[in-house]
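Numbering (this note's numbering), first residue to last: 242 to 490.
No residue lacks a Cβ here, since even glycine has one placed at the ideal position from N, Cα and C.
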Ligand SMILES: NC(=O)c1ccc[n+]([C@@H]2O[C@H](COP(=O)([O-])OP(=O)(O)OC[C@H]3O[C@@H](n4cnc5c(N)ncnc54)[C@H](O)[C@@H]3O)[C@@H](O)[C@H]2O)c1
């Protein structure tokens, strides 16, 4: 049995994760941690009275780095779903995970469909000169662009060093209209409004053709297979993994 603690247990994702862990035959929910509600307030507090093998974190961008640092420094394995980590923070966590020989898996998106969208985008990147990403989320999302959009751009950038930003010199008459420039000059556009949960479209273009890859999450249950896959991996291995695609090849 894998003993799991969920940090952010009373949030939208945390509640789904607790239910998924309780339903999984090979896992037990050992602790609920959240700054709100009646569970433990911190991972440190939970560790004093509970025994667990893996922490799953779905909290908020401003807390995740500290939470992950605490876990790895104390030899606690962690699965990170919370988005908003900066590149240098991810690098530091990777080094710490290796140094402490403690498993850590960070995935900007646990939905298997979204991961396939990223993998297919990486394949398509080789064959098109232009590519832009539009991500659409609910209006409570605290970071922009989404971690999924950043990870998609990183994976596409591994396949192609530069994409064309347009095909002629451009003037932005309204600042920001062309979106933000990311890896390999891929433009990312973030839409925030009620009605969406999490969607992303990757648009490729070349002379005479466009190609779109789109994924829509309509229910948070879509993340649970990926979260459980990550927990099983981290419980067994002590490596550092960034992206669920590494477990889906
Ligand atoms: N990787 C993925 O597949 C994926 C999918 C959906 C959401 N997310 C990310 O997960 C995070 C949580 O999303 P949500 O929609 O559940 O948010 P939410 O606001 O509904 O829930 C966050 C919960 O974390 C708690 N919390 C905040 N700081 C804390 C701390 N320091 N310690 C303990 N608990 C703390 C809050 O009280 C709240 O209950 C966000 O960063 C979101 O972008 C990732």
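Put simply, the stretch 324–331 does not touch the stretch 355–367. Fewer than three CB pairs are less than 8 Å apart. Note on residue 267: under 16 other CB atoms within 10 angstroms of its CB, so exposed under the neighbour-count rule. Within the stretch 417–474, the complete beta strand (DSSP E) runs of at least 3 residues fall at 428–433, 439–447 and 450–458.
Taking the Cβ of residue 429 as the reference point, every heavy atom of ligand 1 lies at 7 Å or farther away. Nearest to residue 314 by alpha-carbon distance, out of 297, 445, 345 and 474, is 345.
In the structure shown, the three-state DSSP call for residue 371 is strand. Excluding its 5 nearest sequence neighbours in each direction, residue 435 has C-beta neighbours in its own chain below 6 Å: 380, listed in chain order. In the structure shown, residue 415 adopts coil according to DSSP, grouped into three states. Under the criterion of beta carbons closer than 8 Å, residue 394 and residue 424 qualify as touching, at roughly 5 Å.
The way I'd put it, the stretch 283–301 doesn't touch the stretch 448–458; fewer than three beta-carbon pairs between them come closer than 8 Å. The straight-line gap separating the alpha-carbon atoms of residue 402 and residue 367 is approximately 10 Å.
Closest by C-alpha distance to residue 276, out of 392, 343, 249 and 422, is 249.
For residue 312, the uninterrupted alpha helix (DSSP H) run begins and ends at 302–314, by DSSP.
Burial is judged here by how many other beta carbons sit within 10 angstroms of a residue's own beta carbon; residue 264 has fewer than 16 and is exposed.
Contact check for residue 431 against residue 458 fails: the beta carbons are separated by 8 Å or more.
Distance from the CA atom of residue 442 to the CA atom of residue 467, rounded to whole angstroms, is 21 Å. Under the three-state reduction of DSSP, residue 376 is assigned to strand.
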